[in-house]
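Residue numbers (the working numbering), protein chains in the order written: chain G, 1 to 201; chain X, 202 to 402. Remarks on the structure that follows.
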DNA sequence: TCAGAGTCTGACCGATCGGTCAAGTAGGCT
DNA sequence: AGCCTACTTGACCGATCGGTCAGACTCTGA
């Protein structure tokens, strides 16, 4: 079956491996994840992994690349739409949706972004994150303003991806994604929307 | 020199190794840090590292244990002091000071807390973090309230430790610690102080 | 002078790492 | 039938991992 059509019979091996790898990378870390372990978990041999992905790094690229693409697109749209309150509001909503839809990938490159120097896909992620910080907040803004943005973005990302893993583990089975989305958008709006001058409060 | 007195002549080898290890653990991660690399960086042999610390795990314990002790103490004082506005305000200040004084250690166990299951000192850190979240916010609080606390604490920690490493890298040489402290306390107060009822706004 | 504790090191161990390679299998095409 | 492509695998490689161990080099106190 050389075409990339539905192939309804079975899950593509490469997809399966990519998913298992993403879970490993996000939970125990890229460095601690071994190809052998990933292969075992997915029910293949290590050689098969290296057949579908030419290296461990290529596997990482396949696992988190799409999420970084999405983040870059999100960022591009935001800088193109200006800094109006409406643009900020829409950005916040899309950002939260991005986080919710890419928890594992975000967890991976947020938590290990500084730990893996020289890996191209990680550099791309770091550049995107830096661009995010730069675009939402002018460099000449007061420090407390910058801090507000940093806390909002990092806090949102970390609360969702890591908080979901161990902060709320146990005491909250799993909150409805819609509820989480609404709550997160509310908190982020509170921090980011007034933006200049702190009109409220 | 069997006593633990000043020993002014030279830095204690074990201290030097602990510091180098902490830097490695926090920047490239525990799993990716090798005893060989740590030893090279500190100017010792791998055997010397294993003389002073019986295992890689013991080295991790020595590197981040004191910070976890401080966090536990901070947490204990806070739960003992009640939830009044004054207690919260003091807690925020002490929490920020804790973050500022233990950047590398916090970076290590915040970012890798879920990646290193079974390591006692990490379990201790995770328990402390969970206790922190539980104590500052009742379990029956509305989701948006919980989210606010999560964003505040995680955002503050991440902004300081990781943000300092790569978010602001380059465009801000190094902000005065006092300024950072003030800005961070301001943002956290805004998020956490009203606490119940959201009287403002 | 000798004994002994404290420190440092190289040689070495088994295990595992990421990665290569040749062989083998199964299915579709002519 | 034959061939080709896609896929899977075990054997194997050099490097590196955490860790052990037996020496060797101080320095101190008797």
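For every residue, glycine included, the Cβ atom is placed at its ideal position computed from N, Cα and C. Being a predicted model, the structure only gives us computed values, none of them experimental.
Exercise. What residues in its chain sit with their C-beta under 6 Å from that of residue 169 of chain G, if we drop five residues either side in the sequence?
Worked result: For residue 169 of chain G, the predicted structure reports a pLDDT of 49, less than 50, and the residue's modelled location is therefore unreliable. The matter cannot be settled from this model.
For this session: Please determine if the stretch 71 to 91 of chain G and the stretch 127 to 136 of chain G are in contact, where contact requires at least 3 C-beta pairs separated by less than 8 Å.
Result: A contact exists between the stretch 71 to 91 of chain G and the stretch 127 to 136 of chain G.
Problem set entry | Three-state secondary structure (DSSP) of residue 232 of chain X | coil
For this session: Take residue 257 of chain G and list the residues in its own chain whose beta-carbon comes closer than 8 Å to its own, dropping the five residues that flank it on each side.
Result: The requested residue 257 of chain G does not occur in the structure, where chain G is confined to residues 1 to 201.
For this session: Would you identify the three-state DSSP class for residue 12 of chain G, choosing helix, strand or coil?
Result: coil
For this session: May I ask which residues mark the beginning and end of the alpha helix (DSSP H) holding residue 251 of chain X?
Result: That run of the alpha helix (DSSP H) goes 247 to 253.
For this session: With DSSP collapsed to three states, give me the class of residue 327 of chain X.
Result: helix
Problem set entry | Chain-order list of residues whose beta-carbon lies under 7 Å from that of residue 79 of chain G (same chain, five-residue window excluded) | 135
For this session: Could you check which residue in G:146, G:34 and G:56 has the C-alpha nearest to that of residue 119 of chain G?
Result: G:56
Exercise. Can a CB atom of chain G be found closer than 8 Å to the CB of residue 244 of chain X?
Worked result: no
Problem set entry | Alpha-carbon to alpha-carbon, residue 218 of chain X and residue 244 of chain X | 9 Å
Exercise. Chain G partners of residue 349 of chain X, CB-CB under 7 Å?
Worked result: 187
For this session: Check whether the stretch 62 to 74 of chain G touches the stretch 120 to 129 of chain G, counting contact only when three or more Cβ pairs, one atom from each stretch, lie closer than 8 Å.
Result: Judged by Cβ distances under 8 Å, the stretch 62 to 74 of chain G makes contact with the stretch 120 to 129 of chain G, as three or more pairs qualify.
Exercise. For residue 100 of chain G, which residues from the same chain have a beta carbon less than 8 Å from its beta carbon, with the 5 sequence-adjacent residues on both sides left out?
Worked result: Take residue 100 of chain G, set aside five residues on each side of it, and the residues of its chain with a beta-carbon closer than 8 Å to its own are 160, 177, 180 and 181, in chain order.
For this session: Determine the chain X residues that contact residue 112 of chain G at a beta-carbon separation under 8 Å, and present them in chain order.
Result: 230 and 312
For this session: Thinking residue 356 of chain X and residue 150 of chain G are a contact (beta carbons under 8 Å), I'd like their distance in whole angstroms, please.
Result: 7 Å
Problem set entry | Nearest-angstrom Cα separation, counted from residue 59 of chain G out to residue 21 of chain G | 7 Å
Problem set entry | Distance between residue 274 of chain X and residue 95 of chain G (C-alpha atoms, nearest Å) | 36 Å
For this session: Apply the 10 Å Cβ neighbour rule to residue 315 of chain X and answer buried if 16 or more other Cβ atoms are within range, or exposed otherwise.
Result: buried
Exercise. Quick one: what does DSSP say residue 284 of chain X is sitting in, helix, strand or coil?
Worked result: coil
Exercise. In angstroms, rounded to a whole number, what distance separates the CA positions of residue 311 of chain X and residue 228 of chain X?
Worked result: Looking at the two C-alpha atoms, the distance is approximately 12 Å.
For this session: Can you have a look at residue 255 of chain X and say buried or exposed, based on whether 16 or more other CB atoms are within 10 angstroms of its CB?
Result: exposed
For this session: Using alpha carbons as the reference points, say which of X:392, X:226 and X:359 lies closest to residue 263 of chain X.
Result: X:226
Exercise. What's the C-alpha gap between residue 251 of chain X and residue 346 of chain X?
Worked result: Straight-line Cα distance between these residues: approximately 47 Å.
Problem set entry | Residue span of the alpha helix (DSSP H) that contains residue 312 of chain X, given as start and end | First-last of the alpha helix (DSSP H) with residue 312 of chain X: 304 to 312.
Problem set entry | Interface residues of chain G facing residue 360 of chain X [CB-CB closer than 7 Å] | Residues of chain G passing the Cβ test: 147, 150, 151 and 154.
For this session: Compute the Euclidean distance between the alpha carbons of residue 232 of chain X and residue 82 of chain G, then round it to the nearest angstrom.
Result: 42 Å
For this session: With 8 Å as the threshold, decide whether the Cβ of residue 326 of chain X is near any Cβ in chain G.
Result: no
Exercise. Under a three-way DSSP split, which group does residue 141 of chain G fall into?
Worked result: Of the three classes helix, strand and coil, the one that applies to residue 141 of chain G here is coil, per DSSP.
For this session: Kindly indicate if chain G contains any beta-carbon less than 8 Å away from that of residue 298 of chain X.
Result: no
For this session: For residue 286 of chain X, count neighbouring Cβ atoms within 10 angstroms of its own Cβ and tell me buried if that reaches 16, exposed if not.
Result: exposed
Exercise. For residue 278 of chain X, which residues in chain G fall below 8 Å Cβ to Cβ?
Worked result: Taking a Cβ-Cβ threshold of 8 Å, none of the residues of chain G is close to residue 278 of chain X; the smallest such distance is about 21 Å.
Exercise. How should residue 106 of chain G be labelled, buried or exposed, when 16 other C-beta atoms within 10 angstroms of its C-beta is the threshold for buried?
Worked result: buried
Problem set entry | Which listed residue (G:33, G:34 and G:46) has its alpha carbon closest to that of residue 13 of chain G | G:46
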